[in-house]
Amino acid sequence: MDKKLFFLRVMVYFLIILLVGCGYRFAGEGVGVEKKVASIYVSPIDNRSREAYVENYIRNALMDWFMKTTSFTVVTEEEKADVVLSGRVINVYTVPLSYKLGNLAAEEKVTLVMDLVLKDRRTGKVLWEQKKLMAQQDYAVRDVNSTEEARRLALIKLATDLAEQVYGRVSAKY
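What the sequence shown shows, in the numbering used here, is residues 193 to 366, in sequence order.
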């Protein structure tokens, strides 16, 4: 019986050390904005890349994520917002991941790099900022038409994943 109790204690201590040492945080903790914000305006994203429409995918995904919560009200006019989220797409590039016969790509990875900043609209104070935020998504390469559609869907998924990540970071204190 003493061996079982000893083993149980060791396992509990190990679990405590693991949770404390791994950087785990409970929901509600994080690097988010300190004060309560009622409304947010997601400004049009500046697209410095050659990838058409990616700025629209990102802005729509950000607005969708912020609309999912009762902590924020997404407004359509900057003047009505407490805070403004703005961003700039720096680059979008693609690299092959795997090849098929004839040395043609069978799968590619699209990578997006962007800057985001959340500011208090009244004071201009930066509340949260992320430089060179990166997101990636894989997609299959087939014929020209299906590859373009797969790339478009990959960019939309990438934008949605990125928006979820941004939402989590910004709203962590609410």
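Every residue, glycine too, gets a C-beta built ideally from N, C-alpha and C.
Taking the continuous alpha helix (DSSP H) assigned at residue i, which residues delimit it?
i: valine 246; result: 246-259
Residues in the same chain with beta-carbon distance under 8 Å from residue i, minus the five sequence neighbours each way, listed in chain order, please.
i: valine 267; result: Ser231, Ile232, Tyr233 and Ala273
i: glutamate 270; result: Tyr233, Ser235, Val276 and Arg313
i: arginine 343; result: Thr286, Glu300, Val302 and Tyr331
i: glutamate 402; result: Residue 402 is absent from the model: the chain starts at 193 and stops at 366.
i: glycine 222; result: Since pLDDT at glycine 222 reaches only 44, below the 50 mark, its modelled position is unreliable, and no value is offered.
i: leucine 345; result: Tyr331
Specify, as a first and last residue, the run of the beta strand (DSSP E) that residue i falls within.
i: threonine 286; result: 275-292
i: isoleucine 232; result: 231-234
Near residue i, which residues of its chain fall below 7 Å by C-beta distance, leaving aside the five closest residues on each side in sequence?
i: arginine 240; result: Arg280, Val281 and Ile282
i: threonine 261; result: Ser363
i: alanine 327; result: Leu304, Leu350, Asp353 and Leu354
i: serine 278; result: Ser235 and Val309
i: tryptophan 257; result: Ala355, Glu356 and Tyr359
Name the DSSP beta bridge partners of residue i, please?
i: aspartate 368; result: Since the displayed the chain opens at 193 and closes at 366, residue 368 lies outside it and no answer follows.
i: alanine 297; result: Tyr291
i: threonine 303; result: Tyr285 and Gln328
i: threonine 265; result: Ser231
Excluding the 5 residues preceding and the 5 following residue i in the sequence, name in chain order all residues of the same chain whose CB lies nearer than 6 Å to its CB.
i: glutamine 357; result: none
i: glutamate 367; result: What the structure shows of the chain is the stretch from 193 to 366, and residue 367 is not part of that stretch, so it cannot be assessed.
i: arginine 217; result: With a pLDDT of 45 at arginine 217, under the threshold of 50, the modelled position of this residue cannot be trusted, and the question is left open.
i: proline 288; result: Ala297 and Glu300
i: aspartate 194; result: none
i: leucine 347; result: Val246 and Tyr249
i: asparagine 295; result: none
i: methionine 259; result: Val266
Legend entry - beta strand (DSSP E) runs contained entirely in the region 309-347, provided each spans 3 or more residues: 318-332
Inset, instruction - Check whether the region 274-291 touches the region 310-318, taking contact to mean three or more Cβ pairs, one atom from each stretch, closer than 8 Å. - result: yes
Legend entry - Any 3 or more C-beta pairs closer than 8 Å across the region 346-354 and the region 250-260: yes
Legend entry - the region 320-332 in contact with the region 292-305 per 3-pair CB rule at 8 Å: yes
Inset, instruction - Please confirm if the region 316-329 is in contact with the region 357-365, defined as three or more CB-CB distances below 8 Å between the two stretches. - result: yes
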